[in-house]
Structure formats: C-alpha cells, structure tokens
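>
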Amino acid sequence: MTSVAGGTPPGVRPLNADIDVFGLTHPGLVRPNNEDQFLIASLHKTMRVHSTSVPVDRLSGLTSESRGHLFVVADGVGGRPGGEHASGTALQAIAAYATNTLRLYYQHDPAPEGPFLSDLEAAVSEGHAAVLAEAAGTATTLTMILVRWPRAYLVHVGDSRCYRLREGKLEQMTKDQTMAQALVDAGVLPPDQVSESRWANVLSSALGAQEMRPAITSFDCRWEDVVMLCTDGLTKHVADDEIATQLRETRSAEQICRNLIELALARGGSDNVTVVAGRLKERTLA
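Quick note, in numbering that gives the first Met the number 0, the sequence shown goes up one by one and the last residue is 285.
Here it is, written out as structure tokens:
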C-alpha cells in the first residue's frame with residue numbers, strides 16, 4: 000500500500016472526492032455590513048441535453064471530473080459606500096469570464112502557460128471594468144487562485160492574502176499592495192513598523208480604483224500542501240504563526256476556517272473576516 004499524504008507519486012491526479020475545501024465569512028463585531036465575498040468553484044466539461052429519445056435518467060453523469068478549481072476572496076474597500084457591491088460585482092464578472100472564456104475548458108496540458116496567464120489577467124481586467132461600470136466610486140481587493148493540477152495560478156490585487164503550508168512551513172504567497180508596503184520597498188519604512196503606520200490600510204492598487212496592478216504568479220502543487228485565502232480582517236488579529244498552527248494541526252478545511260474566524264472574533268473582530276481553506280485528503284493506493 001502507498002500513501003500519497005507525504006508526496007505525489009507520478010501520474011496520480013486528485014479526484015473530486017480527494018478535495019477538501021471550505022469557505023466562511025463573518026461581518027465581525029464592529030462593522031454593520033459585510034463587504035467581504037468569497038467564491039469556491041470547480042470547472043468542468045459538461046453536456047447539456049436539449050432533446051433525446053433516450054430516457055433522461057440513462058444520460059445522467061455527463062459532467063466530467065473537475066478540470067480545475069477556482070478560489071476567490073474579495074474585500075470591498077472599507078469606509079466607501081457600496082463596498083459589498085464592489086466585491087460582489089468583481090466576483091460575478093470573474094466567474095462569468097471563467098465560465099465562458101478561459102482556455103482551461105479546451106486544453107488539459109499545463110505546458111502552454113503564456114496564453115492561459117493572459118486569460119487570467121483578462122479575467123481580472125474584466126472584473127475591474129465591471130466595478131467601474133456597475134459600482135462606480137467603490138473598490139475591492141481580489142485574491143484568486145486557480146488550480147489546474149499540478150499547477151496553481153495566483154492572481155492578487157490589494158491586501159487580502161494567500162498562504163501556503165508546505166513541509167510544515169507557512170509561506171505568504173502574496174505581497175500586500177498598500178502604501179505602507181510601497182514605503183518598505185522603497186527603503187523608507189522599516190518592515191517591523193508596517194502595522195503601526197497610518198498607511199498600513201491604504202491600498203495602492205484595487206479593482207475599481209485609479210490604480211489596478213494585478214500580480215500573477217504560478218507554482219507547482221504538492222499533495223500535502225494546504226492553501227488558505229483570507230481578507231485582512233483575519234490578519235489584523237491573528238499572527239502568521241497562529242495561522243501556521245491551524246493549517247498544520249487541523250485536519251479539516253471547515254474546521255480551519257471556523258477556528259481562525261473564532262480567534263479573530265475573540266480578539267475584537269474589528270473588521271469583516273473571510274477565510275477559504277483547501278487541502279487534499281490522504282489517499283492510500285493499492
């Protein structure tokens with residue numbers, strides 16, 4: 000018997016039954032509205048039967064195994080009216096673009112990444128345009144990961160975050176697009192003073208804002224990886240080492256989300272908080 004928990008043997012692809020993913024959002028204890036949104040979706044090839052002489056029940060199961068999974072969190076910019084409309088509009092536009100346009104539907108080989116990355120950038124631009132057109136005067140962050148095994152594609156705008164736990168070590172896969180981080184990058188502000196800076200929560204890039212600069216990266220997936228997306232309502236209250244402990248020790252994506260949100264609320268819940276966690280279940284092969 001061979002376990003795949005500690006690594007991915009050649010040729011082993013996760014099936015839908017292997018995937019454990021969960022998302023949860025909470026308005027927090029201070030703000031009257033929840034401006035956060037999240038999306039978890041699987042992408043499939045399907046057949047839609049319009050007419051047939053064959054009994055319909057004999058044509059069930061015409062949806063393929065998933066060809067990819069899409070996870071998104073978005074945080075409407077606080078203090079601006081309609082933040083929840085901005086984040087919702089962005090998610091709806093990106094979901095529509097993914098459904099109708101992404102080449103994921105037509106190619107399975109992960110090798111030709113150039114056109115695929117261009118599609119992802121176009122999807123974010125579509126979301127940006129939708130916010131400008133339908134929710135003018137508002138803005139939203141967006142952190143999106145699309146997994147097309149064995150690769151993951153990460154698109155990031157704003158200060159929501161993506162984390163990955165690999166071999167017990169937590170990695171922040173995104174860089175906050177804030178004025179404070181820009182000052183750090185310029186050598187003006189020491190990194191340990193970011194959280195105290197008045198620029199810490201001022202976005203330098205967002206969908207619907209004057210500046211929108213998506214950062215797009217890709218990386219290999221491993222069976223034992225745990226990936227988490229979150230809005231800054233979590234990271235304001237929960238430290239990275241505490242996130243690492245939850246991802247390392249909790250064996251359920253749902254429980255990861257619940258534990259982390261409960262921790263943020265116990266420490267004041269000063270903002271909307273959203274967590275999406277994804278992992279693969281251990282599978283034993285004969």
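Idealized CB from N, CA, C, for every residue including glycine. Since the model is a prediction, treat every value here as computed from it, not as a measurement.
Give me the DSSP bridge partner(s) of I18.
L279
> Please work out which residues of its chain come closer than 8 Å, Cβ to Cβ, to A265, disregarding the five sequence neighbours upstream and downstream, and give them in chain order.
none
> By the 10 Å Cβ neighbour count, where 16 or more other Cβ atoms means buried, how is M46 classified, buried or exposed?
Exposed, by the Cβ-count rule.
> Using the Cα positions of M172 and G67, report the straight-line distance between them to the nearest angstrom.
20 Å
> At what residues does the beta strand (DSSP E) containing R163 begin and finish?
160 to 165
> Under 8 Å: do the segment 119 to 130 and the segment 187 to 204 share three or more Cβ pairs, one atom per stretch?
no
> Can you tell me the Cα-Cα spacing of V237 and E133, whole angstroms?
34 Å
> Answer with buried or exposed for P31, where buried requires no fewer than 16 other C-beta atoms within 10 angstroms of its C-beta.
Within a 10 Å sphere around the beta-carbon of P31 sit fewer than 16 other beta-carbons, which makes this residue exposed.
> Quick check on DSSP: helix, strand or coil for R150?
strand
> Between the alpha carbons of D270 and L28, how many angstroms are there, rounded?
7 Å
> For L90, which residues from the same chain have a beta carbon less than 7 Å from its beta carbon, with the 5 sequence-adjacent residues on both sides left out?
Q36, L38, V71, A73
> List the endpoints of the continuous beta strand (DSSP E) containing D56.
No beta strand (DSSP E) holds D56; DSSP gives it neither H nor E.
> Cα-Cα, which of E281, L259, G82, K280 is closest to T273?
L259
> Is it the case that the Cβ atoms of M178 and S203 are separated by a distance below 8 Å?
yes
> State the Cα-Cα distance for the pair Y104 and M211, rounded to the nearest angstrom.
With a pLDDT of only 48 at Y104, under 50, the local geometry of the prediction cannot be trusted, and the value read off the model is given with reservation. Looking at the two C-alpha atoms, the distance is approximately 27 Å.
> Name the two residues that bound the continuous alpha helix (DSSP H) containing E170.
Per DSSP, E170 belongs to no alpha helix (DSSP H); it is in the beta strand (DSSP E), 168 to 171.
> With a threshold of 16 other CB atoms inside 10 Å of the CB of S65, please say whether the residue is buried or exposed.
buried
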